[in-house]
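Numbering (my numbering), first residue to last: 1029 to 1182.
The next block holds one structure in the form of structure tokens; read it before the comments.
Written out as structure tokens, the structure reads:
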């Protein structure tokens, strides 16, 4: 994978048959530095992907290398006052594809496709302490200083 060129990569719509490979990518990325998440099981990650993909407003993309997923972006169309935005729930590239410009290219292709589909923007959550914060800032994303992410579990 180290010798992968940008020309060999292709952005396509996410398909359900990609779930097992994308779940393995997710596990490898998020259970290692810098996230070090604890994940219940590979089955839990696959279930998460299947639930997303079954949603009526699901939008997903895969970054293919040699015909196999090397990364993915999943989320959903979210209505808002000025149109419809893409809520990006997860963006993940296999570790060997990170920090090589592939993520920026992937996001540019996603953005172009969303614009063609008539969506008005992208919304996401990330931590200020993770490398993803700097990545998204580099792509033009701005934090909403007055907004706070809140939740409750039950």
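Glycine is no exception: its CB is placed at the ideal position from the N, C-alpha and C atoms.
Nearest to residue i by alpha carbon, out of the options?
| i | options | result |
| --- | --- | --- |
| residue 1135 | 1063, 1100 and 1083 | 1100 |
| residue 1088 | 1163, 1045, 1094 and 1072 | 1045 |
| residue 1090 | 1163, 1070, 1041 and 1150 | 1041 |
| residue 1154 | 1082, 1178, 1122 and 1109 | 1178 |
If we define contact as Cβ-Cβ less than 8 Å, is residue i a contact residue for chain D?
| i | result |
| --- | --- |
| residue 1109 | Included in the structure is just one protein chain, with no chain D present. |
State the Cα-Cα distance for the pair residue i and residue j, rounded to the nearest angstrom.
| i | j | result |
| --- | --- | --- |
| residue 1019 | residue 1095 | Residue 1019 lies beyond the range of the chain shown here (1029 to 1182); nothing can be said about it. |
| residue 1036 | residue 1130 | 11 Å |
| residue 1152 | residue 1112 | 14 Å |
| residue 1159 | residue 1062 | 8 Å |
| residue 1064 | residue 1071 | 18 Å |
Kindly indicate which three-state DSSP category residue i falls into: helix, strand or coil?
| i | result |
| --- | --- |
| residue 1110 | coil |
| residue 1043 | coil |
| residue 1055 | helix |
| residue 1171 | coil |
| residue 1182 | coil |
| residue 1078 | helix |
| residue 1151 | strand |
Buried or exposed for residue i, please, with buried defined as at least 16 other CB atoms from any protein chain shown within 10 angstroms of its CB.
| i | result |
| --- | --- |
| residue 1073 | buried |
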